[in-house]
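Peer 1:
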Amino acid sequence: MSRHFEQADGLCEEKDTATQGFVFNQTMLRIADPKRSLDFYTRVMGMTLIKRLDFEEMKFSLYFLAAGDDFSDISDDVEKRTQQTFGRPAMLELTHNWGDTPETVSYHNGNSEPKGFGHIGFHVPDADAACARFEALDVPFQKGLNEGSMKGIAFIKDPDGYWIEIFDASKVAQTCAPHLKK
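Going by UniProt numbering, the first residue of the sequence shown is number 1, and it counts up by one from there.
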């Protein structure tokens, strides 16, 4: 029996025991203006800042954010919270190199040539309501919820132009139904 739920060329069937306990911890995005980006991710996307690290000698700051509603497990103790930050799954790390501003730097979002990184994604309980809220907040859209061939999926942009996919998991499953292998 396969350890994978789907089949694709290149899959390794035997999990190396040396990878036991590996956790996908973070995706890092470079940002030009921490105030602008932190406002966006905490106010617009509802994320919570778990840890900030300032590296004065190297002149950059890291901001680790998490999505969710229950952070009762996060410690007030600085050292323990740092350990928790680097041990919990699916953190967003925003990196600001001191001196960078929206006027002096722009970042490649990976969706124009040369293509590479594409987006991060958020499941929302109601994509229609979330997109209406984003519109009311003047969040720029790359793709509306019912535009294009992939209905039920929207892409908004953060202050640095990174794409954020917005979807309701149940509706995405319906959109993908014709492509599912039984």
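For glycine and all other residues, C-beta sits at the position ideal for the given N, C-alpha and C.
Report the rounded CA-to-CA distance for Ile-50 versus Arg-81, giving the unit in angstroms.
Peer 2: Taking the sequence shown and counting its residues from 1, the one referred to as residue 50 is at position 50. Taking the sequence shown and counting its residues from 1, the one referred to as residue 81 is at position 81. Looking at the two C-alpha atoms, the distance is approximately 8 Å.
Peer 1: Distance cutoff 8 Å, beta carbons only. Does Thr-27 sit that close to anything in chain C?
Peer 2: Looking for chain C here will not work: only one protein chain is present.
Peer 1: Determine the closest residue to Lys-35 out of Leu-94, Gly-87 and Lys-143, with distance taken between C-alpha atoms.
Peer 2: The residue given as residue 35 occupies position 35 in the sequence shown. Closest by alpha carbon: Leu-94.
Peer 1: By alpha-carbon positions, which one of Gly-148, Val-78 and Gly-46 ends up nearest to Asp-70?
Peer 2: Sequence index remark: in the sequence shown, residue 70 carries index 70 (1-based). Among Gly-148, Val-78 and Gly-46, the Cα nearest to that of Asp-70 is on Gly-46.
Peer 1: Anyone know if the C-beta pair for Thr-175 and Lys-157 falls short of 8 Å?
Peer 2: For the purposes of this step, residue 175 is identified with residue 175 of the sequence shown, where counting begins at 1. For the purposes of this step, residue 157 is identified with residue 157 of the sequence shown, where counting begins at 1. It is not a contact, given that the beta carbons lie outside the stated cut-off.
Peer 1: Excluding the five sequence neighbours on either side, which residues of its own chain have a C-beta within less than 6 Å of the C-beta of Phe-64, listed in chain order?
Peer 2: Residue 64 sits at position 64 when you count from the first residue of the sequence shown. Ile-50, Lys-51, Thr-85, Met-91 and Glu-93.
Peer 1: How would you write the range of the alpha helix (DSSP H) that Lys-171 sits in, first residue to last?
Peer 2: By 1-based counting over the sequence shown, the position of residue 171 is 171. Its alpha helix (DSSP H) spans residues 169-176.
Peer 1: Can you give the Cα-Cα distance for Phe-22 and Leu-137, rounded to whole angstroms?
Peer 2: The sequence position of residue 22 within the sequence shown is 22, counting from 1. The sequence position of residue 137 within the sequence shown is 137, counting from 1. In a straight line, the C-alpha of Phe-22 is about 38 Å away from that of Leu-137.
Peer 1: On the DSSP bridge list, what partners appear for His-96?
Peer 2: Locating residue 96 in the sequence shown gives position 96, counting from the first residue. Ile-31 and Ser-61.
Peer 1: Which of the three DSSP states, helix, strand or coil, is assigned to Ala-154?
Peer 2: By one-based count along the sequence shown, residue 154 stands at place 154. Of the three classes helix, strand and coil, the one that applies to Ala-154 here is strand, per DSSP.
Peer 1: Who are the near neighbours of Gly-116 in its chain, counting only those whose CB is closer than 7 Å to its CB and skipping five residues on each side?
Peer 2: Residue 116 sits at position 116 when you count from the first residue of the sequence shown. Result list for Gly-116: Gly-110, in chain order.
Peer 1: Just curious, the alpha helix (DSSP H) that Asp-128 is in, first and last residue?
Peer 2: Counted from its first residue, the sequence shown places residue 128 at position 128. Note, Asp-128: alpha helix (DSSP H), 127-136.
Peer 1: Check the C-beta distance from Ala-32 over to Val-105 and give it rounded, since I have them as a contact under 8 Å.
Peer 2: The residue you call residue 32 lines up with position 32 of the sequence shown. The residue you call residue 105 lines up with position 105 of the sequence shown. That belief holds up - the Cβ atoms of Ala-32 and Val-105 are roughly 5 Å apart, short of 8 Å.
Peer 1: Could you check where the beta strand (DSSP E) with Thr-85 kicks off and where it finishes?
Peer 2: Position 85 of the sequence shown, counted from the first residue, corresponds to residue 85. Element bounds for Thr-85: not the beta strand (DSSP E) but the alpha helix (DSSP H), 78-87.
Peer 1: Rounded to a whole number of angstroms, what is the C-alpha to C-alpha distance between Phe-5 and Asp-160?
Peer 2: Residue 5 sits at position 5 when you count from the first residue of the sequence shown. Residue 160 sits at position 160 when you count from the first residue of the sequence shown. Taking the straight line from one Cα to the other gives about 36 Å.
Peer 1: Sort out for me which residues DSSP pairs Gln-26 with in a bridge.
Peer 2: What you label residue 26 is simply residue 26 of the sequence shown in a count that begins at 1. Partner(s): Met-91.
Peer 1: Going by beta-carbon coordinates alone, are His-96 and Phe-40 separated by less than 8 Å?
Peer 2: Here the question's residue 96 lines up with position 96 in the sequence shown. Here the question's residue 40 lines up with position 40 in the sequence shown. Not in contact: His-96 and Phe-40 (Cβ atoms no closer than 8 Å).
Peer 1: Could you give the DSSP three-state label for Phe-40: helix, strand or coil?
Peer 2: Counting from 1 along the sequence shown, the entry for residue 40 is found at position 40. Reduced to three states, the DSSP call for Phe-40 is helix.
Peer 1: Between Asp-100 and the rest of its own chain, which residues show a CB-CB distance below 6 Å, the 5 nearest in sequence each way excluded?
Peer 2: Sequence index remark: in the sequence shown, residue 100 carries index 100 (1-based). Closer than 6 Å at the Cβ level, and outside the excluded window around Asp-100, lie Ala-32.
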